[in-house]
Amino acid sequence: MLKLTDVSAGYGSFQALWNIDLEINAGEAVAVIGPNGAGKTTLLRAISGQLPVWSGDIALEGRSLLGTAPHRFVQAGIAHCPENRRLFPRMSVEDNLKMGAFIPEARRQFGERLAWVYGLFPRLRERRAQIAGTLSGGEQQMCAIGRALMSHPKLLLLDEPSAGLAPVIVRLVFDLVRRIRDEGFTVLIVEQNIRQALELVDRAYLLEVGRVRASGPVAQLRDNEFLRQAYLGL
Amino acid sequence: MFDFFLLEAVINGLLFGGVLALLSLGLNLVFGVVDVVWIAYSEVVMVGMYVIYTLHVMLGWPLVFAAPMALVGSGIVGVLVHRLIIEPILDTPPINQLLATGGLLFFLQSLATLIYGSQFRNIGLSLPTLEFHELYISFARLLAFGVAVLGMAGLYLFLSRTYVGTAIRAVAQDRQVMGLMGVDTRTVYLITSAVGGALAGLAAVLLVLQQDVHPFIGLTFGPITFMICVLGGLGNLLGGFVAAFVISQVISIGSFYVSTELSYVIAFVLFIVAMFIRPEGLFHRRS
Chain A
1 MLKLTDVSAG
11 YGSFQALWNI
21 DLEINAGEAV
31 AVIGPNGAGK
41 TTLLRAISGQ
51 LPVWSGDIAL
61 EGRSLLGTAP
71 HRFVQAGIAH
81 CPENRRLFPR
91 MSVEDNLKMG
101 AFIPEARRQF
111 GERLAWVYGL
121 FPRLRERRAQ
131 IAGTLSGGEQ
141 QMCAIGRALM
151 SHPKLLLLDE
161 PSAGLAPVIV
171 RLVFDLVRRI
181 RDEGFTVLIV
191 EQNIRQALEL
201 VDRAYLLEVG
211 RVRASGPVAQ
221 LRDNEFLRQA
231 YLGL
Chain B
1001 MFDFFLLEAV
1011 INGLLFGGVL
1021 ALLSLGLNLV
1031 FGVVDVVWIA
1041 YSEVVMVGMY
1051 VIYTLHVMLG
1061 WPLVFAAPMA
1071 LVGSGIVGVL
1081 VHRLIIEPIL
1091 DTPPINQLLA
1101 TGGLLFFLQS
1111 LATLIYGSQF
1121 RNIGLSLPTL
1131 EFHELYISFA
1141 RLLAFGVAVL
1151 GMAGLYLFLS
1161 RTYVGTAIRA
1171 VAQDRQVMGL
1181 MGVDTRTVYL
1191 ITSAVGGALA
1201 GLAAVLLVLQ
1211 QDVHPFIGLT
1221 FGPITFMICV
1231 LGGLGNLLGG
1241 FVAAFVISQV
1251 ISIGSFYVST
1261 ELSYVIAFVL
1271 FIVAMFIRPE
1281 GLFHRRS
């Protein structure tokens, strides 16, 4: 469904991604793991069009996304739930969800989508009128994921959904992601919480200093001696 | 003892505050969303006043048709200001935007002088003064207050109920993430500038009922408009709204006890003191 071919990108003169090849099939959940500064967030930003690609190609369902304006990626079917959640802190939960449904298709079905997201996260329904900045960390993450789901994306990008949350909430967030996956969404998740992320996904890519160091089905990666030692502490 | 004249001063202050609140609204909106201060904001109001003067007095349009055209005219000026002046320098240091819109101020003043001369012009409308028992209230002020309140209510509904309005509020809170919502911030800026300009046009309609228009009229209410915005916390619409009524009462009650000139002095001194105590404005949100 999503295919990255030889993608390089960066900021200014600093190259953050080197010749990335990555593929995600419909209905799959894929993780991108790696240490801080490996380029994981940059990779997601390139996929959601927020960072222009220097070379290579990004294609969704066979159609290249190069040259697409950054704000058209949502319409193309890619929703990106960014690092640190980035809710609109002084707007209500419901207004935040409304922003997630800004594109015309989503606006037309706003009522149904809202009911669906509230069904998925009943907590958000209880807090619908609350100002987003005053929610707890876990609720904020629910709201951010809910906001991304309002556009009914073909591909959902999640950037460190467990960051900054208490361990018990982290488990809750991973459960939520599993439910979203079970709803049939294709998910690409970036995580530093490697062990828990690997329990959730079918395949994973290991990124190190901007390059794919290893990739494959989870079972295979677990057997990878290097990965076991460096990242899983086994 | 009940003082009728003081009550009259308070009521007049309230009515005056409505117009000041409306004046500060457009400037505040543009600052909050686009993050640019239109130094020439009061000159955009002046353009609106000249639009009414031209259509109503020179071309003989009925006032009810000429007045809405002030909103359209100022709205177009708002769009042009953004497209031609702000957009090319949006990512440069803020001082450039101040200088550029400051230059626009002199440009618009000079252009108005060139076209209309420096005479005071009025639309030749004299609205009655209403009398309730012993209270005298200017009908023009009452009308201006009513329209200002309606305008502000309309803006509130636009910002809270529509998708574009919600996006305008969202941009003010986190502009980088807007692309992920499928929103083109450039369009939001342009719409905001048009709305900001149209609000200046609405203020023009209210002012032209009470004052003569001349090329330097912006200087008479420009400083106080900026003062209100800063006092309320630049970009904070609600803060500006409250600050407008605080300032208008200071001026109105001050005029009652001392004199109009001195009341402005008092207002500005209070402003300076307030800035020492709360440099971010009285109603600044802690982030």
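These protein sequence lines map, in sequence, to chains A and B. Mapping to this note's numbering: the first sequence position 38 is 38, numbers consecutive. Throughout, this note's numbering is defined as the position within the second sequence, counted from one, plus 1000. In this text, a Cβ means the ideal position worked out from N, Cα and C, and glycines have one as well.
Practice task
Could you tell me whether the segment 1036 to 1054 of chain B touches the segment 1158 to 1168 of chain B, using the rule of 3 or more Cβ pairs below 8 Å?
Solution key: no
Practice task
Please report how far the alpha carbon of B:GLY1254 lies from the alpha carbon of B:ALA1066, in whole angstroms.
Solution key: 36 Å
Practice task
Provide the residue span of the beta strand (DSSP E) that contains B:THR1129, from first to last.
Solution key: 1129 to 1132
Practice task
Below 7 Å between beta carbons is the criterion; list the residues of the segment 1269 to 1282 of chain B that meet it against any residue of chain A, in chain order.
Solution key: none
Exercise for the section: Flag this pair as touching only if the segment 1228 to 1236 of chain B and the segment 1123 to 1143 of chain B have three or more C-beta atom pairs under 8 Å; answer yes or no. Expected result: no
Exercise for the section: Measuring only between beta-carbons, confirm whether B:GLY1182 sits less than 8 Å from chain A. Expected result: yes
Problem - Residues of the segment 1161 to 1190 of chain B whose Cβ lies closer than 7 Å to any Cβ of chain A, in chain order - result: TYR1163, THR1166, ALA1167, ARG1169, ALA1170, GLN1173, ASP1174, VAL1177, GLY1179, LEU1180, MET1181, GLY1182, VAL1183, ASP1184
Exercise for the section: Give a yes or no on whether 8 Å exceeds the smallest Cβ distance from A:MET142 to chain B. Expected result: no
Handout entry: Exposure of B:ALA1243, with buried meaning 16 or more beta-carbon neighbours within 10 Å
Key = buried
Problem - Residues near A:LEU114 in its chain [Cβ-Cβ closer than 7 Å; skip 5 each side] - result: LEU97
Handout entry: Nearest-angstrom Cα separation, counted from A:ALA69 out to B:ILE1115
Key = 43 Å
Handout entry: the segment 1077 to 1092 of chain B touching the segment 1185 to 1197 of chain B, judged by at least three CB pairs closer than 8 Å
Key = yes
Handout entry: Close-in-space but distant-in-sequence residues of the same chain around B:THR1260 (CB under 6 Å, 5 per side omitted)
Key = none
Problem - Whole-angstrom distance between A:GLN192 and A:ASN36, CA atom to CA atom - result: 8 Å
Handout entry: Proximity below 8 Å, CB of A:LEU236 to CB of A:ALA79
Key = Chain A is shown from 1 up to 234; residue 236 of chain A falls before or after that span and cannot be answered.
Exercise for the section: Determine the closest residue to B:ASP1003 out of B:PHE1107, B:PRO1062, B:LEU1025, B:LEU1135, with distance taken between C-alpha atoms. Expected result: B:LEU1135
Practice task
Examine chain A for any beta-carbon lying closer than 8 Å to the beta-carbon of B:ARG1286, and answer yes or no.
Solution key: With a pLDDT of only 47 at B:ARG1286, under the threshold of 50, the placement of this residue in the model should not be trusted; the figure read from the coordinates follows. No, because no Cβ of chain A sits closer than 8 Å to the Cβ of B:ARG1286.
Practice task
Determine, using beta carbons only, whether A:VAL170 and A:GLN196 come nearer to each other than 8 Å.
Solution key: yes
Problem - chain B contact for A:PRO52 (CB, 8 Å cutoff) - result: no
Problem - Candidates B:GLN1109, B:MET1227, B:ARG1169, of which the one nearest B:ILE1272 by Cα - result: B:MET1227
Problem - Proximal residues to B:GLN1151 (C-beta, below 8 Å), its chain only, five neighbours per side dropped - result: The sequence shown places Gly at residue 1151 of chain B, rather than the Gln named in the question. Counting only Cβ-Cβ distances below 8 Å, and skipping sequence neighbours, we find LEU1022, LEU1025, LEU1199, LEU1202.
Practice task
Buried or exposed for A:TRP54, please, with buried defined as at least 16 other CB atoms from any protein chain shown within 10 angstroms of its CB.
Solution key: exposed
Practice task
Would you verify that the beta carbon of A:ALA230 is, or is not, closer than 8 Å to some beta carbon of chain B?
Solution key: no
Handout entry: Continuous beta strand (DSSP E) stretch holding A:ARG5: start and end
Key = Going by the sequence as given, residue 5 of chain A is Thr instead of Arg. From DSSP, the beta strand (DSSP E) with A:THR5 extends over 2 to 11.
Problem - A:LEU227 beta carbon less than 8 Å from that of A:ALA219 - result: no
Handout entry: Which listed residue (B:SER1074, B:ILE1123, B:PHE1245) has its alpha carbon closest to that of B:GLN1210
Key = B:ILE1123
Handout entry: B:VAL1033, buried or exposed, once every other Cβ within 10 Å from all chains shown has been counted against 16
Key = buried
Handout entry: Proximal chain B residues relative to A:GLY100, where beta-carbon distance stays under 7 Å
Key = MET1181
Problem - Beta-carbon neighbours of A:VAL74, restricted to chain B and to distances below 8 Å - result: LEU1180, MET1181, GLY1182
Handout entry: Enclosing alpha helix (DSSP H) for B:ALA1148 [first to last residue]
Key = 1139 to 1161
Practice task
Report all residues from its chain with a CB closer than 6 Å to the CB of A:ASN84; omit the five preceding and five following residues, and keep chain order.
Solution key: none
Problem - Collapsed DSSP secondary structure at A:HIS80 in the structure displayed - result: strand
Practice task
Pick out whichever of A:HIS71, A:THR41, A:LEU232, A:ILE194 has its Cα sitting closest to the Cα of B:THR1187.
Solution key: A:HIS71
Handout entry: Buried versus exposed, by CB contacts within 10 Å (16 or more), A:GLY240
Key = What the structure shows of chain A is the stretch from 1 to 234, and residue 240 of chain A is not part of that stretch, so it cannot be assessed.
Exercise for the section: Output the distance between the C-alpha atoms of A:LEU4 and B:GLY1182, rounded to the nearest integer angstrom. Expected result: 22 Å
Handout entry: Cα-Cα separation between A:GLY67 and A:ASP57, rounded to whole angstroms
Key = 10 Å
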